[in-house]
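Note sheet for the following structure.
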Amino acid sequence: MNHRAVRAIYLFEMARTWRTLLQSIVSPVVSTSLYFVVFGAAIGSRISQVEGVSYGTFIVPGLIMLSVLTQSIANASFGIYFPKFTGTIYEILSAPISYFEIVLGYVGAAATKSIILGLIILATAGLFVPLHIHHPVWMLAFLVLTAVTFSLFGFIIGIWADGFEKLQMIPMLVVTPLTFLGGSFYSIDMLPPTWRTVALLNPVVYLISGFRWSFYEIADVSMSVSVGMTLAFLVICLVVIWWIFRTGYRLKN
Amino acid sequence: MSSIISVANLSKTYGSGFKALKNVNLDIRRGEIFALLGPNGAGKTTLISIICGIANPSEGQVLVGGENIQNSYRKARSLIGLVPQELHTDAFESVWATVSFSRGLFGKPKNPGHIEKVLKDLSLWDKKDNKIITLSGGMKRRVMIAKALSHEPQILFLDEPTAGVDVELRKGMWEVVRTLQQSGVTIILTTHYIEEAEEMADRIGIINKGEIVLIEDKASLMQKLGKKRLTLHLQGKLDALPESLSHYELELCDNGATLVYDYDTKGERTGITSLLSDLRNANIRFNDLDTTQSSLEDIFVDLVRTP
């Protein structure tokens, strides 16, 4: 294994984060804080408790997931798309490095950034609402699993995209709506039965439900189903990436 | 001299059906400077891309240092440094960071001393902390060479290294290339500047329409294919050539003031003696004469024009 190459890619990507600190970390934290102000304080004060938890506290896991999902995709897709756009991908392709090592470097850095971000948002949330995490190990495991899975998904988008428009298309048109409709701000049990069934087709429901369970032991679906669905998505992403490198899709002529 | 790169029966057909390379066979000798010439779209960059792992071959085999580029890609690629044609750089990185990154990518341990030497050799040391975006085109080109040399490769591919570079800088780069060769690096150079190949190369390969047209030592190529031109500056202008000189294929230039005769140096007879004799018989006098050797550029143009 060319661990020095993995380290080089990882540190290169992390250096980009520190260089663009405002955009990478500060901006999502500010946005999330605004969600707390609007949904938690302004609207939340008029909503009664959800399954025994105050509304402001209830939305914390959903808000963290919202940022982790979108940032994982954005970090990983941009990380691999930018060298394609500038042409510096030639160096990665001509280096003595395996496909697995390339993915490890880019996805590892993207996932690290979103995990750090998720934890910062968690700490920020603690300033607005009282928090108690029932299963901190599960919470961390879910955070890592989600960050890695969606960084892999972002990596696929970055390879697939042949323009900045496409790079934004999936996150904006698919992921963000799915996250908002995936129970970030409500329990899907609050929906009418038909819409609840429809919501169960949304994979993000399982992520948020599982993550919320690790905080408050309340969930829309069972924890095992949440973990199973996330792992299934992880495997699908891995298979697609394996196929991309095997065929050279949008990487090699 | 042993081969450091061996290309056998290499073909490349793109998805569109375009055949970029057709059964290419090529051996690069260890320690030489090999210039690959060819017009635009001839297949030069495709050939380099396949050897370096950027493009997949359709057929054939490439060995680099005896290692197959597909089965033993780690060993093969670790021997190669590539400077691509386009100026692909990480605009917001510093020179030091980007060159160090390249070394790490090739699995080499940190060696600030080596990076310092490379940057000094390429006159980039005083720019080491500058962001690449602030550098001139010529400096960016040198940064790309520094990146390619960061992992101490045995083979260096320079794809159009002096494209868009001014004359002074170009000559500076030639010096760098010569120094590299003296340190034992094998250099493969593609260029549009024939004078560059003529100046630098030990051997020359010409590729046209995806096929290797010729591979030859530069000196013997110049000798073998070189033509000479005799130019006679006449005492008086001629309106037309007399019939007695028609079989020489002479050309009357400068409104009849000069007479040009092309001859083949490898031929048994150059025809100069009889031409001068026939000129005297036709009472055509000249003040001066000179001869010029045809350049590699003339040879190149002749070869790629041949159907």
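Respectively, the protein sequence lines represent chains A and B. Taking our numbering, the leading residue of the first sequence gets 14, the next gets one more, and so forth. Taking our numbering, the leading residue of the second sequence gets 869, the next gets one more, and so forth. Here a beta-carbon is modelled for each residue, glycine too, at the ideal position from N, C-alpha and C.
Excluding residues up to 5 positions away in sequence, I901, A903, W1042, V1045, L1057 lie with their Cβ nearer than 7 Å to the Cβ of B:M1068 in the same chain.
Membership of B:L1144 in the alpha helix (DSSP H) is indicated by the continuous run 1140-1149. Per DSSP, reduced to three states, the secondary structure at A:E114 is helical.
For B:T1059, the pairing in a beta bridge is given by DSSP as B:L905. The shortest C-alpha to C-alpha distance from B:L990 to any of B:V892, B:H1115, B:L894, B:K1015 is the one to B:K1015. Listed along chain B, no residue sits closer than 7 Å to A:E230 by beta-carbon distance, the nearest being about 45 Å off. Across the set B:K996, B:Q953, B:Q1050, B:R942, the C-alpha of B:K996 shows the shortest separation from the C-alpha of B:V967.
For the C-beta of A:G100, the chain B residues within less than 7 Å are, from N- to C-terminus, E954, H956. Taking a beta-carbon distance threshold of 8 Å, B:P977 counts as an interface residue toward chain A.
Contact between the region 36-44 of chain A and the region 122-132 of chain A is present: 3 or more CB-CB pairs across the two stretches fall below 8 Å.
Note on geometry: alpha-carbon atoms of B:G885 and B:C1121 lie some 47 Å from one another. The beta-carbon of B:F974 is placed less than 8 Å from the nearest beta-carbon of chain A.
Three or more pairs of CB atoms, one per stretch, sit closer than 8 Å, so the region 72-84 of chain A contacts the region 132-152 of chain A. Here A:L47 is exposed. Its C-beta has fewer than 16 other C-beta atoms within 10 Å. For A:G53, no Cβ of chain B is located within less than 8 Å of the residue's own Cβ. Taking 8 Å as the threshold, the shortest C-beta distance from B:S970 to chain A falls below it. The DSSP-derived three-state label of B:R1071 is strand.
Using a Cβ-Cβ cut-off of 8 Å, A:Y119 does not count as an interface residue toward chain B, since no Cβ of chain B sits closer than that to its own.
Boundaries for B:G1124: no beta strand (DSSP E) harbours it, and the DSSP string shows neither H nor E there. In the structure shown, B:S1018 adopts coil according to DSSP, grouped into three states.
In the DSSP assignment, A:V187 falls outside any alpha helix (DSSP H), carrying neither H nor E. For A:H145, no beta strand (DSSP E) encloses it, and the DSSP letter there is neither H nor E.
Under the DSSP assignment, B:T957 falls outside any alpha helix (DSSP H); it carries neither an H nor an E label. With a contact defined as Cβ atoms closer than 8 Å, A:H147 and A:E230 qualify at about 5 Å. Counting only unbroken stretches of 3 or more residues, the beta strand (DSSP E) elements lying wholly within the region 903-942 of chain B are 927-932, in sequence order.
Between B:Q1022 and B:T881, the alpha-carbon positions lie close to 29 Å from each other. Around the Cβ of A:Q62, a 10 Å sphere holds fewer than 16 other Cβ atoms; the residue is exposed. Just so you know, the alpha carbons of B:Y1116 and B:L1143 end up roughly 8 Å apart. A direct Cα-Cα distance of roughly 8 Å separates B:G1104 from B:G1124. With fewer than 16 neighbouring CB atoms inside 10 Å of its own CB, A:L214 falls in the exposed class.
The straight-line gap separating the alpha-carbon atoms of A:R259 and A:W173 is approximately 15 Å. With 16 or more other CB atoms across the displayed protein chains lying within 10 angstroms of its CB, A:F246 is buried.
Between B:V1128 and B:L1113, the C-beta spacing is not below 8 Å. Using a Cβ-Cβ cut-off of 8 Å, A:K265 is close to I922, A923, N924 of chain B, given in chain order. The C-beta separation of A:A123 from A:N88 comes to about 4 Å, placing the pair in contact by the 8 Å criterion.
For the region 85-100 of chain A, the beta-carbon criterion of a distance under 7 Å to any beta-carbon of chain B is satisfied by T99, G100.
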